[in-house]
Amino acid sequence: MPLYARLVRYGFRKHAVYVWAALAGAFTNGVFGILRAHVLIALWQARPGLAGYDVTDAVTYCFVTQALIGPMMLFGGGLAIPERIRSGDIALDLVRPASLQLWSLAEDLGRAAYLLLVRSLPPLLLGAALFGITAPASPAGWAAALTGCLAGVLISFGWRYLVALSVCWLADDRGVAVVSLVMTTFCSGMMLPLHLFPGPLGEVVRALPWASMVQAPADLYLGKAPVGQTLALQAFWAATLFALGLLATRAVRHKVVIQGG
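Residue numbering for the sequence shown is 78 to 338, as defined by our numbering.
Below you can see the structure in the form of structure tokens.
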């Protein structure tokens with residue numbers, strides 16, 4: 078089996094050890110999904126057709142976004158790079174005959190695959206049981222939704238990889254992590270659909286990479302977005318963040334101060 082395929086399997090198996098943690102996360106996402114759903118129901122009953130959604134669409138959007146929290150790591154983290162920089166172990170990672178970026182990406186894809194199965198499906202099933210949320214009506218719709226989800230994972234990794242590497246220069250990632258959390262929470266569509274943002278502000282926010290992590294996959298799931306245009310924007314941000322990560326990795330190889338090593 079090729080190296081990176083083995084790393085995907087390793088990432089899956091490593092996180093499968095913490096099955097109860099994943100189930101606890103699924104339970105939490107489901108509970109908050111119910112609370113958010115009732116808020117959105119009240120809002121859409123007061124303003125029918127808001128943002129081009131009906132009540133069922135809004136509730137479905139709520140549970141889809143709750144299901145994306147785990148695979149996308151919307152609250153940050155998921156990579157061991159900051160700890161390895163602080164310990165000095167990153168030096169070993171940089172001399173391996175393999176790309177640090179691809180190595181980290183392969184493990185992260187395994188993690189995302191596991192959490193998609195164990196942490197994402199329960200909230201969706203709960204939403205279907207309690208609120209009758211919708212699902213794509215055709216195989217093409219499912220293919221578009223899953224492709225958008227995969228692209229969102231790649232974008233999420235690209236962003237988190239840059240945040241993790243910032244420790245090489247800042248010595249501590251907590252400040253950057255807080256900024257990342259705020260931007261991801263409010264600019265991804267996690268709180269509310271970005272279609273509610275008015276005028277030029279909404280257009281700008283929907284064009285940013287964070288929107289491709291949540292808003293884009295959710296709209297593809299609901300069939301509310303043009304497939305080709307949405308996937309093209311996601312591909313652009315995935316390629317851009319990967320290229321920036323490649324440049325940052327090269328900069329780390331040339332000059333870096335390692336804490337403890």
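Every residue, glycine too, gets a C-beta built ideally from N, C-alpha and C.
1. Output the boundary residues of the alpha helix (DSSP H) element that contains tyrosine 95.
2. Can you list, in chain order, the residues of its chain whose CB lies under 8 Å from that of alanine 214, leaving out five sequence neighbours each side?
3. Count Cβ pairs between the region 221 to 240 and the region 108 to 122 that sit closer than 8 Å; are there 3 or more?
4. What does the alpha-carbon distance come out to for the pair leucine 285 and leucine 310?
5. Compute the Euclidean distance between the alpha carbons of aspartate 296 and tyrosine 138, then round it to the nearest angstrom.
6. Return helix, strand or coil for aspartate 131, following the three-state DSSP convention.
7. Under a three-way DSSP split, which group does serine 181 fall into?
8. Among the residues of its own chain, which have a CB less than 8 Å from the CB of serine 257, if the five just before and after it don't count?
9. Pick from Leu182, Gly165, Arg283, Val259: whose alpha carbon is nearest that of leucine 151?
10. Whose C-beta lies closer than 7 Å to the C-beta of valine 96 among residues of the same chain, with five residues either side of it excluded?
11. Keeping to the same chain, check which residues put their C-beta closer than 8 Å to that of glycine 187; ignore five residues upstream and five downstream.
12. Is the Cβ-Cβ distance between isoleucine 210 and phenylalanine 140 less than 8 Å?
13. I need the straight-line Cα distance from methionine 267 to proline 294, nearest angstrom please.
So, from the data block:
1. In the sequence shown, residue 95 corresponds to position 18, counting from 1. Taken as a continuous stretch (DSSP letters only), tyrosine 95 belongs to no alpha helix (DSSP H), as it is neither H nor E.
2. Here residue 214 corresponds to residue number 137 of the sequence shown, with the count starting at 1. Taken in chain order, the residues that qualify are Gly300.
3. no
4. Stepping through the sequence shown from its first residue, residue 285 is reached at position 208. Stepping through the sequence shown from its first residue, residue 310 is reached at position 233. If you take the alpha carbons of leucine 285 and leucine 310, they lie about 9 Å apart.
5. Position 219 of the sequence shown holds residue 296. Position 61 of the sequence shown holds residue 138. Rounded to the nearest angstrom, the two C-alpha atoms are 8 Å apart.
6. The sequence position of residue 131 within the sequence shown is 54, counting from 1. Three-state result, aspartate 131: coil.
7. Residue numbering aside, residue 181 sits at position 104 when the sequence shown is read from its first letter. Note: serine 181 maps to helix in three-state DSSP.
8. In the sequence shown, the residue the question calls residue 257 occupies position 180. Excluding its 5 nearest sequence neighbours in each direction, serine 257 has C-beta neighbours in its own chain below 8 Å: Gly153, Trp236, Arg237, Val240, listed in chain order.
9. What you label residue 151 is simply residue 74 of the sequence shown in a count that begins at 1. Closest option to leucine 151, Cα to Cα, is Val259.
10. One-based indexing of the sequence shown puts residue 96 at position 19. Excluding sequence neighbours, valine 96 sits near Val195.
11. Here the question's residue 187 lines up with position 110 in the sequence shown. Same-chain partners within the cutoff: Leu84, Val85, Arg86, Tyr87, Gly88, Phe89, Arg90, Lys91, His92.
12. Within the sequence shown, numbered from 1, the residue matching residue 210 stands at position 133. Within the sequence shown, numbered from 1, the residue matching residue 140 stands at position 63. With contacts defined as CB atoms closer than 8 Å, isoleucine 210 and phenylalanine 140 qualify as a contacting pair.
13. Here residue 267 corresponds to residue number 190 of the sequence shown, with the count starting at 1. Here residue 294 corresponds to residue number 217 of the sequence shown, with the count starting at 1. The alpha-carbon atoms of methionine 267 and proline 294 are separated by roughly 11 Å.
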